[in-house]
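Structure record follows, encoded as structure tokens.
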Amino acid sequence: QSPGVADRHAALEFSASDNSFILQDFNSPHGTFVNSCQVQNAAVRVRPGDILSFGTAGASFELVLDGDAQVRVGMPRKG
């Protein structure tokens with residue numbers, strides 16, 4: 074656990090309906106940020122290259138997708 078990061082801070086989920094990732098802040102006291110913009114008790118779409126930060130002293134993460142990796146619902150992976 075990092076200082077300023079709540080036990081139930083935020084969630085990152087994949088939305089198959091629109092083929093995108095959604096970041097949901099759970100009204101965290103120290104904030105959730107996308108590219109330095111605060112997300113307050115809301116859900117926002119995030120894209121590859123976005124920087125996600127949690128809390129004032131928490132770690133930052135870049136959303137990166139492998140160019141060959143794609144989410145395929147109900148399809149087996151090749152290889």
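When we follow this note's numbering, the leftmost residue of the sequence shown carries the number 74, and every step to the right adds one.
Virtual Cβ for every residue (Gly too), placed ideally from N, Cα, C.
Nearest to Ala116 (by Cα), restricted to the options Gly131, Leu138 and His82: What you label residue 116 is simply residue 43 of the sequence shown in a count that begins at 1. Ranking the options by Cα distance to Ala116, first place goes to His82.
Minimum C-alpha distance to Ala103 - residue among Ser93, Thr129 and Leu138: One-based indexing of the sequence shown puts residue 103 at position 30. A quick correction: the sequence has His, not Ala, at residue 103. Per the Cα distances, Thr129.
Residue closest to Asn92, alpha-carbon to alpha-carbon, out of Ala132, Val119 and Gly131: Residue numbering aside, residue 92 sits at position 19 when the sequence shown is read from its first letter. With distances taken between Cα atoms, Asn92 lies closest to Val119.
Of the listed residues Ser101, Leu96, Gly77 and Asn100, nearest to Val107 (C-alpha basis): Taking the first residue of the sequence shown as 1, we reach residue 107 at position 34. The candidate whose alpha carbon is nearest that of Val107 is Leu96.
Same chain only: Cβ atoms within 7 Å of Val137, ignoring 5 sequence neighbours per side: Within the sequence shown, residue 137 is the residue found at index 64, counting from 1. Answer for Val137: Pro121, listed in chain order.
Near the ligand MG: Val112 beta-carbon under 6 Å from a heavy atom: This structure simply doesn't include the ligand MG, nor any ligand for that matter.
Span of the beta strand (DSSP E), counted from its first residue to its last, around Val119: Within the sequence shown, the letter at position 46 stands for residue 119. First-last of the beta strand (DSSP E) with Val119: Ala116 to Val119.
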